[in-house]
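*Asks:* Okay, here's the structure, questions in a sec.
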Amino acid sequence: MTEEERLKLYTSVVPSRVQKSVQRENFNAFIHYGLNTFANKEWSDGTLSPELFDPSDQDVEQWVKVLKFAGAKGIIFTAKHHDGFCMWQTATTDYSVKSSPYKNGKGDIMEELRAACKKHGMKLGVYLSPWDRNSPFYGTPDYDDFYVRQLKELLTNYGEIFAVWLDGACGAEADGKAKQVYDFERYYEVIRKLQPKAVISNCGPDVRWVGNEGGFAREGEWCVLPKLDHAAQNIAEVSQQTEDQNMKSQAFDMMGEELGTREMLEKYDEFVWSPAEVDVSVRPGWFYHKSQDRRLRSVNNLLYIYYTSVGGNSLLLLNVPPDKTGRINDADVEKLVRFADRKNAAFSKPVAVDGVTAPEHEAGNKPRNMFRAGFDKNSFDANSYYTPAHEADEYAITMQLAKTSRVDKVQIIENVAFSQRIERFRIEAKVKGEFKPVYYGKTVGFNRIAFFRPVKTNEIRIVIESSRLKPYIEYIGVYEHAKKGSNPVPPPFVALKKAIHRAVNRRFMKKNTPSAG
Ligand code: FUL
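Per the numbering used here, the sequence shown starts with residue 62, numbered consecutively.
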């Protein structure tokens with residue numbers, strides 16, 4: 062295949078309908094809540110008494126209000142974590158809220174959440190851990206039936222579900238149980254049938270785990286990736302079991318710096334659309350622990366995670382765990398409110414663009430389309446965009462601002478109905494009659510927030526230095542510096558932490574690579 066044929070192949074890969082729906086609203090909240098909360102545990106072993114589940118002031122509506130204020134569009138709830146304790150009225154096991162003192166065994170947190178989400182216009186998703194440390198079926202051929210029964214209850218009785226999050230963690234061997242081989246294909250089928258609009262995340266075909274739980278998004282993030290086994294992607298141990306998969310994991314390193322580059326794609330012939338999701342907790346743990354009340358992420362850190370994930374062609378799934386009262390703790394509420402205030406302020410001063418010059422456009426798809434008034438970042442409009450008439454080595458788009466402003470952010474959105482194309486770009490600002498670079502970027506995709514030190518200017522130029530065939534751009538937003546601190550500074554040690562991640566990963570790969578012969 063020629064290079065051009067390959068580029069045509071890559072750019073023929075586009076998001077599915079369900080994938081588009083989460084990419085437009087790409088900030089969701091994660092809720093880890095269950096028996097662990099009451100036992101001060103992260104991974105309890107399935108033997109804790111249901112009696113422990115006894116929140117003193119259960120208020121699901123408070124969760125929804127706080128998370129909505131923070132800007133989340135959906136909530137993914139741990140209906141069942143690894144301990145097997147079910148937070149809904151299930152017929153599949155007694156290890157559930159039914160056996161707890163909460164509302165005399167009549168409570169159903171999933172149902173309460175459904176009602177609260179509906180009331181406040183929040184989307185609801187479920188996390189149903191495949192690993193179950195309580196189920197007597199675990200490790201036997203009957204487990205899949207049991208799991209599917211649970212899935213069916215959750216996907217039938219609680220209204221529209223926007224995401225099903227399949228966790229890959231599994232420590233069954235440590236429990237002395239046989240390793241369960243999950244029939245993921247069967248789970249996918251059930252989900253597609255019962256909730257056709259839901260995305261299947263993590264160990265699923267629609268949304269890919271970014272590869273770490275530390276809030277690190279990649280600087281260059283691609284959605285077009287080689288077609289690989291989704292189920293294996295997150296289960297490090299499982300994906301290392303067979304030689305075949307081992308080969309794949311070497312080339313396809315989940316923690317690696319950049320996936321989906323031309324060099325990488327060259328080795329493959331089949332490709333899929335696979336957006337990354339950054340899942341991270343506001344606290345050190347996924348569940349609430351009182352001892353961590355003073356160890357929450359800083360507002361700057363939360364903002365940095367937001368800018369680099371939501372603004373880095375990734376989804377963000379931010380975990381906020383309720384405490385033993387059944388409410389989100391004041392410490393977390395305060396943090397989220399400050400985070401939301403800073404984020405809202407940061408985007409409160411869009412700068413109007415008066416004139417734009419760009420390479421000659423394809424008929425109908427003029428540069429003005431990128432700046433149309435009233436653009437709603439959350440609604441997908443595949444029919445309005447700018448694209449040049451011809452292929453070129455470089456594409457420069459120059460914007461004359463309505464007034465000289467202190468600019469500190471530019472947002473760019475590619476029209477992903479034409480796939481993801483931009484590989485490298487820079488942003489320049491005209492200062493004293495000359496263009497000076499203020500930002501160098503790699504990918505754009507469904508959202509790029511380019512942030513930099515404020516620069517006083519009346520003209521901004523975006524130079525696309527490399528693209529997979531010509532770019533299709535749906536939106537460009539220029540923002541004025543709103544107030545001090547509205548842009549985050551990279552948290553300390555970010556480079557060091559990334560280097561550690563890479564080293565750990567290299568060691569892991571080395572250890573798990575079968576020696577020749
Ligand atoms: C991991 C789990 O083991 C953690 O407890 C948490 O649920 C996290 C989101 O995924 O695999």
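For every residue, glycine included, the Cβ atom is placed at its ideal position computed from N, Cα and C.
Please classify V412: is it buried, with 16 or more other beta-carbons within 10 angstroms of its beta-carbon, or exposed?
*Replies:* Position 351 of the sequence shown, counted from the first residue, corresponds to residue 412. Classification of V412: buried, given that the 10 Å Cβ count is 16 or more.
*Asks:* Count the other CB atoms, across all protein chains shown, that sit within 10 Å of the CB of N374; report buried if there are 16 or more and exposed otherwise.
*Replies:* The sequence position of residue 374 within the sequence shown is 313, counting from 1. N374 comes out buried.
*Asks:* Select from S77, N101 and N87 the residue whose C-alpha is nearest the C-alpha of F348.
*Replies:* What you label residue 348 is simply residue 287 of the sequence shown in a count that begins at 1. The candidate whose alpha carbon is nearest that of F348 is N101.
*Asks:* Can you have a look at A577 and say buried or exposed, based on whether 16 or more other CB atoms are within 10 angstroms of its CB?
*Replies:* For the purposes of this step, residue 577 is taken as residue 516 along the sequence shown, with counting starting at 1. Confidence is the limiting factor: at A577 the pLDDT is only 34, short of 50, which leaves the residue's position unreliable, though a coordinate-based value still follows. The residue in question, A577, is exposed, as its Cβ has fewer than 16 Cβ neighbours within 10 Å.
*Asks:* From Q311 to V285, what does the alpha carbon distance come to, in whole angstroms?
*Replies:* If you number the sequence shown from 1, residue 311 lands on position 250. If you number the sequence shown from 1, residue 285 lands on position 224. Below a pLDDT of 50, predicted positions are generally treated as unreliable, and Q311, at 32, falls in that range; no measurement from the model is reported.
*Asks:* Can you tell me which residues form a DSSP beta bridge with C147?
*Replies:* Within the sequence shown, numbered from 1, the residue matching residue 147 stands at position 86. Beta-bridge pairing links C147 to K141 and S157.
*Asks:* Tell me whether R403 sits in a helix, a strand or coil according to DSSP, three-state version.
*Replies:* Walking along the sequence shown from the start, residue 403 turns up at place 342. R403: helix per DSSP, three-state reduction.
*Asks:* Please work out which residues of its chain come closer than 6 Å, Cβ to Cβ, to T459, disregarding the five sequence neighbours upstream and downstream, and give them in chain order.
*Replies:* Against the sequence shown, residue 459 aligns to sequence position 398. These residues qualify, in order along the chain: T418 and R522.
*Asks:* Please report the residue range of the alpha helix (DSSP H) in which R522 lies.
*Replies:* Here residue 522 corresponds to residue number 461 of the sequence shown, with the count starting at 1. Counting along the chain, R522 falls outside any alpha helix (DSSP H), though it belongs to the beta strand (DSSP E) covering R509 to S528.
*Asks:* Within this structure, are the beta carbons of L363 and F400 separated by less than 8 Å?
*Replies:* Along the sequence shown, read from residue 1 onward, the residue named residue 363 stands at position 302. Along the sequence shown, read from residue 1 onward, the residue named residue 400 stands at position 339. Yes.
*Asks:* To the nearest angstrom, how far is it from the Cα of R356 to the Cα of E423?
*Replies:* Residue 356 sits at position 295 when you count from the first residue of the sequence shown. Residue 423 sits at position 362 when you count from the first residue of the sequence shown. The alpha-carbon atoms of R356 and E423 are separated by roughly 53 Å.
*Asks:* Restricting to runs no shorter than 3 residues, where is the beta strand (DSSP E) found entirely within the region 322-370?
*Replies:* Whole beta strand (DSSP E) segments, 3+ residues: 332-334 and 337-342.
*Asks:* H93 to D193, Cα distance in whole Å?
*Replies:* Here residue 93 refers to the residue found at position 32 when the sequence shown is read from its first residue. Here residue 193 refers to the residue found at position 132 when the sequence shown is read from its first residue. Looking at the two C-alpha atoms, the distance is approximately 16 Å.
*Asks:* Which word fits Y47, buried or exposed, when buried means at least 16 other C-beta atoms lie within 10 angstroms of its C-beta?
*Replies:* Nothing can be reported for residue 47: it is not among the residues displayed for the chain, which extend from 62 to 578.
*Asks:* Does the region 137-146 come close enough to the region 99-114 to have 3 or more Cβ pairs within less than 8 Å?
*Replies:* Because the criterion of three Cβ pairs below 8 Å is met, the region 137-146 and the region 99-114 touch.
*Asks:* Three or more beta-carbon pairs under 8 Å between the region 151-171 and the region 70-80, yes or no?
*Replies:* No: the two stretches stay apart, fewer than three of their Cβ pairs being nearer than 8 Å.
*Asks:* Is E103 near ligand 1, in the sense that its beta carbon is under 7 Å from a heavy atom of that ligand?
*Replies:* Numbered from 1 along the sequence shown, position 42 holds the residue referred to as residue 103. Under cutoff, so the answer is yes.
*Asks:* Would you check if there are 3 or more beta carbon pairs closer than 8 Å linking the region 320-330 to the region 241-261?
*Replies:* Not touching, per the Cβ criterion.
*Asks:* Distance, Cα to Cα, M325 vs P287?
*Replies:* Working through the sequence shown from its first residue, we reach residue 325 at position 264. Working through the sequence shown from its first residue, we reach residue 287 at position 226. Approximately 9 Å between the Cα atoms of the pair.
*Asks:* Quick one: is the Cβ of A450 within less than 7 Å of any heavy atom of ligand 1?
*Replies:* The residue given as residue 450 occupies position 389 in the sequence shown. Checking every heavy atom of ligand 1 against the Cβ of A450, none is found closer than 7 Å.
*Asks:* Looking at ligand 1, does it come within less than 7 Å of D144, judged from the CB to the closest heavy atom?
*Replies:* Sequence index remark: in the sequence shown, residue 144 carries index 83 (1-based). Answer for D144: no, Cβ out of range of ligand 1.
*Asks:* Just to be sure I understand the criterion: a residue counts if its Cβ is closer than 5 Å to at least one heavy atom of ligand 1. Which residues meet that?
*Replies:* Taking each Cβ in turn, the ones that pass are D228, A230 and W347.
*Asks:* What residues in its chain sit with their C-beta under 7 Å from that of V394, if we drop five residues either side in the sequence?
*Replies:* Mapped onto the sequence shown, residue 394 falls at position 333. Excluding sequence neighbours, V394 sits near V127.
*Asks:* Leaving out five residues on either side along the sequence, give the residues of the same chain with a beta carbon under 6 Å from the beta carbon of G200.
*Replies:* Here residue 200 corresponds to residue number 139 of the sequence shown, with the count starting at 1. Only K238, A239 and Q241 meet the Cβ criterion.
*Asks:* Please name the residue, chosen from P449, S480, D115 and W226, that lies closest to N384 on a Cα-to-Cα basis.
*Replies:* Counting from 1 along the sequence shown, the entry for residue 384 is found at position 323. The residue asked about is misnamed: residue 384 is Asp in this sequence, not Asn. D384 has its Cα closest to that of D115, out of P449, S480, D115 and W226.
*Asks:* For F207, write down the residues that DSSP places opposite it in a beta bridge.
*Replies:* Taking the first residue of the sequence shown as 1, we reach residue 207 at position 146. According to DSSP, which records beta bridges pairwise, F207 is partnered with nothing at all.
*Asks:* Measuring CB to CB, does S528 end up less than 8 Å from R482?
*Replies:* In the sequence shown, counting from the first residue as 1, residue 528 sits at position 467. In the sequence shown, counting from the first residue as 1, residue 482 sits at position 421. Contact flag set, yes.
*Asks:* In terms of residues, what are the limits of the alpha helix (DSSP H) holding E246?
*Replies:* In the sequence shown, counting from the first residue as 1, residue 246 sits at position 185. From DSSP, the alpha helix (DSSP H) with E246 extends over F245 to L255.
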